[in-house]
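Worksheet: one structure, shown below.
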Amino acid sequence: MTDLKYLRGYPEPLLAQVRGLIETAQLGDYLARKYPARHDVQTDKALYGYVDELRQQHLRNAPRIDRVLYDSKLDVIRNALGLHTALSRPHGGKLKASKEIRIAGLFRDAAPEFLRMIVVHELAHLKEKDHNKAFYQLCEHMQPGYGQLELDLRLWLTWRDNSPSPLVGEGRG
């Protein structure tokens, strides 16, 4: 039986449907049809600009992010896809606060919708620390259809784990 670790907590009828798509090797085709494009945000500098543009568009009063980068090790650590951190360090006689967003390196080759969903998620943490109702309302405000994108992203991750050779972006324009 296929382990659907990214879909834990979803209703059993949905899980049965996903298992059927995996068994008939149709999940990848479904995702490729729904998300045919790849984004061109390939460098940490481009990612910083992308994140800052979304921050300015939706969270003008939120503090600036000091550092944004792709992290190739992040998808292994606690199944994190993105990470938002705020560090305070002594600098002279004052505390210097530093805000950082790390995005799992596997999203370099993902659909633009998935990258945006992860960035929106991490930006929402600037206002809401916990995954509560207000957090998800903010995500939905910044990215209409956020809930469906989150599910589709989890399907994409499931497909990658269950594909014999998941070549990310294969067959995409």
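Take 1 as the starting number for the sequence shown in the UniProt record's numbering and just add one per residue.
By construction, the Cβ of each residue, glycine as well, lies at the ideal position given by its N, Cα and C atoms.
* DSSP three-state call for residue 100: helix, strand or coil? -> strand
* **Local conformation of residue 8 per DSSP, three classes** => coil
* To do: Evaluate residue 28 with the Cβ neighbour count: other Cβ atoms within 10 Å of its Cβ, from every protein chain shown; 16 or more gives buried, anything less gives exposed.
  => buried
* Identify the continuous beta strand (DSSP E) that holds residue 38 and give its terminal residues. => Per DSSP, residue 38 belongs to no beta strand (DSSP E) and is neither H nor E.
* **Segment limits, alpha helix (DSSP H) that includes residue 47** => 44-58
* To do: Please state if the CB of residue 2 and the CB of residue 162 are separated by a distance shorter than 7 Å.
  => yes
* Asked: For residue 159, which residues from the same chain have a beta carbon less than 8 Å from its beta carbon, with the 5 sequence-adjacent residues on both sides left out?
  -> 22, 27, 28, 31 and 166
* How is residue 27 classed by DSSP in three states: helix, strand or coil? -> helix
* Coil, strand or helix - residue 71 by DSSP -> strand
* Asked: Are the stretch 45-57 and the stretch 115-124 touching, with three or more C-beta to C-beta distances below 8 Å?
  -> yes
* residue 40 versus residue 108: straight-line alpha-carbon distance, rounded -> 8 Å
* Candidates 114, 115, 141 and 112: closest to residue 124 by CA position -> 141
* Asked: Among 127, 146, 154 and 70, which residue has its Cα nearest to the Cα of residue 48?
  -> 70
* Which residue from 115, 131 and 127 puts its Cα closest to that of residue 99? -> 127
* Since I believe residue 10 is in contact with residue 111 (beta carbons under 8 Å), could you give me their beta-carbon distance rounded to a whole number of angstroms? => That pair is no contact at about 20 Å.
* Asked: Taking DSSP as the reference, what is the three-state secondary structure of residue 126?
  -> coil
* Leaving out the 5 sequence neighbours to the left and right, which residues in its chain are closer than 7 Å to residue 4 when beta-carbon positions are compared? -> 15, 18 and 158
* Using only the heavy atoms of the ligand MN, determine whether one of them is closer than 6 Å to the beta carbon of residue 73. => Ligands in the displayed structure: none, and consequently the ligand MN is not present.
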